[in-house]
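**Q** Structure in structure tokens, see below.
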Amino acid sequence: MAARLQFKTTPTKRRVVKGVGTGSKALPEHSMVRLKRSLDLGDGRHMPAGSLGAIVFVHGGGAAYEVEFAKPTHAVVTVPAAGVARAIVAG
Numbered sequence: 004m005a006a007r008l009q010f011k012t013t014p015t016k017r018r019v020v021k022g023v024g025t026g027s028k029a030l031p032e033h034s035m036v037r038l039k040r041s042l043d044l045g046d047g048r049h050m051p052a053g054s055l056g057a058i059v060f061v062h063g064g065g066a067a068y069e070v071e072f073a074k075p076t077h078a079v080v081t082v083p084a085a086g087v088a089r090a091i092v093a094g
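Residue numbering for the sequence shown is 4 to 94, as defined by our numbering.
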């Protein structure tokens, strides 16, 4: 007989991040975004304002995003929510 998996659920406390309220509209993973300002990557590379990337992780309910950029250089960067805007990508 196959073993049965049992899951125990525990209540979680809701973490509120300053500036991100309960009515927050965080961008979901896989959303395309553009940088509002240029970004220094700290290793001599820069991402210019307007660079397009995809959200690969949402931090703190939308306080910040992990964004993967392909051009002009490949990088995965944590960007505060105020540093990105939803990109409109023509199909």
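For each residue, glycine too, the CB sits at the ideal point set by N, CA and C.
Pop quiz: Arg37 and Gly53 are said to be a contact at Cβ under 8 Å. What is the actual Cβ separation, rounded to whole angstroms?
**A** Yes, Arg37 and Gly53 are in contact; Cβ-Cβ is about 6 Å, under 8 Å.
**Q** Give the DSSP bridge partners of Thr81, in chain order.
**A** Glu69.
**Q** Under a three-way DSSP split, which group does Gly53 fall into?
**A** Note: Gly53 maps to coil in three-state DSSP.
**Q** So if DSSP puts Asp43 in a beta bridge, which residue, or which two residues, is it bridged to?
**A** His49.
**Q** Give the DSSP bridge partners of His62, in chain order.
**A** The partner list for His62 (beta bridge, DSSP) reads Ala67.
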